[in-house]
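Heads up, the sequence shown is in UniProt numbering, so the first residue is 602 and it goes up one at a time.
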Amino acid sequence: RAKDAGGGQVELFASHMHADVVRRLELQSELRRALADGDFTLEYQPIVDLAGSQVLGVEALLRWWRDGVLVPPDSFIGPAEESGLIVELGAWTMREAFRTVVACRASSWDIGLSVNLSARQIRSPRFVEDVAEMLAEAGLPPDRLTLEVTEEMLVEEAAETVPRLRALRELGVRLAIDDFGTGYASLVYLRQLPVDAIKIDPSFTAALGDDQTVTRLTRTIVRLGQDLGMTVVAEGIERPEQLDLLREMGCAHGQGFLVARPMSAAGVAALAEERAGRLSVAGTDA
Ligand code: C2E
Ligand code: MG
Ligand code: MG
Ligand code: MG
């Protein structure tokens, strides 16, 4: 397009590109500074047993306090991946989350932790050793950690990634496929990798009951997970009808604003102390 435009427009196009590159570089150095300054924090969203209301674990979710404004991960994970900062940021996330969860375990709550991974982290050569070391340092049993990966991460560079994920699995770490149903090649990779859990994407949950095709697909995914011996976690549960349908389908675990919003580390600690990890969820007796 720039080719058939006049010279002035080509320059304009180039300067737009330049501005974009500069913005990204600025953001990347801002992110690096934020990590050094301690401007990142974690929130934790409970994952519950849908049949009862026991909180089985929490998923760590990164937050960035940028000049007092909370920035959601979707706007900075990409740039952090591009610059490679995600490797350090991911390690910070694990150390921080391990500490929070180990503190809850001290009040004898056998809580699990889920952490989201980026492809770039798995590609870092020391990744498996680093995770093993951080777990040992924190005193968190490996089988209480679930690493969430996406289907894309399994497909891209599979020759390198799959053996590392297997090595983690051999340490006892659990693996979950996040955003399940939105990627491709799911079934092929499910066979190649010892995956412990699949997380049904919130776009399915959102349409439950309203869209018959999605409802049938969700039922099929739940059954598939059960047949393969995997834990099925439904994400994005917001309405009681969705919860009812998921329970009726036999979906074991769930997460969503209806159950609990992401909370601070102090919130998780309070949950551990005051209620021994129970939440009151519509339709259960806790
Ligand atoms: P995800 O791993 O699929 O995390 C679930 C997202 O859904 C979270 O958004 C959570 O706040 C949101 N959520 C939970 N319940 C509900 C609900 O009932 N309704 C709706 N509408 N949303 C709900 P969040 O925290 O903004 O994170 C977005 C994504 O950013 C995550 O998706 C994950 O892919 C990524 N992310 C977050 N933390 C990290 C991290 O530490 N490392 C990496 N690599 N990625 C992260
Ligand atoms: Mg996740
Ligand atoms: Mg998800
Ligand atoms: Mg996601």
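Note that beta-carbon positions come from the ideal geometry of N, C-alpha and C, so glycine has one too. Since we're looking at a predicted model, the values are computed, not measured.
Leaving out five residues on either side along the sequence, give the residues of the same chain with a beta carbon under 7 Å from the beta carbon of residue i.
| i | result |
| --- | --- |
| V649 | Q655, V656, L657, H854, G855, V860, L880 and V882 |
| V823 | V833, M850, G851 and C852 |
| D802 | D780, F781, G782, T783 and E836 |
| residue 587 | A question about residue 587 goes unanswered here, because the residues of the chain that appear run from 602 up to 887. |
| V869 | Y645, V659, T701 and C705 |
| V703 | A739, G740 and L741 |
Using C-beta distances below 8 Å, list every residue in its chain close to residue i, excluding the 5 sequence neighbours before and after it, in chain order.
| i | result |
| --- | --- |
| residue 601 | The shown model of the chain, from 602 to 887, leaves out residue 601, and the question about it has no answer. |
| E874 | S708 |
| E842 | L809 and G810 |
| T806 | T819, A835, E836, G837, I838, E839, Q843, L847 and G857 |
| R625 | P680 and E683 |
Name the one or two DSSP bridge partners that residue i has.
| i | result |
| --- | --- |
| G855 | V649 and A835 |
| R765 | Beta-bridge pairing links R765 to no other residue. |
| L643 | L663 |
| I801 | F781 and A835 |
| G658 | I648 and G713 |
| M864 | Y645 |
| L776 | L748 |
Which residues in the same chain have their Cβ closer than 6 Å to the Cβ of residue i, if we skip the five residues on either side of it in sequence?
| i | result |
| --- | --- |
| S725 | V688 |
| D845 | none |
| K800 | A777, D779, F781, V834 and E836 |
Practice task
Say whether the region 663–677 touches the region 719–726, bearing in mind that this needs 3 or more beta-carbon pairs closer than 8 Å, one atom from each stretch.
Solution key: no
Handout entry: Lining residues of ligand 2 - beta-carbon closer than 6 Å to any non-hydrogen atom, in sequence order
Key = E660, N717, E749 and D779
Exercise for the section: Note down, one range per segment and in chain order, each alpha helix (DSSP H) of at least 4 residues found wholly within the region 669–750. Expected result: 678–684, 686–707, 720–724 and 728–739
Handout entry: the region 742–761 contacting the region 791–802, beta-carbon criterion three pairs below 8 Å
Key = yes
Handout entry: Sufficient close CB pairs (3 or more, under 8 Å) joining the region 741–754 to the region 765–780
Key = yes
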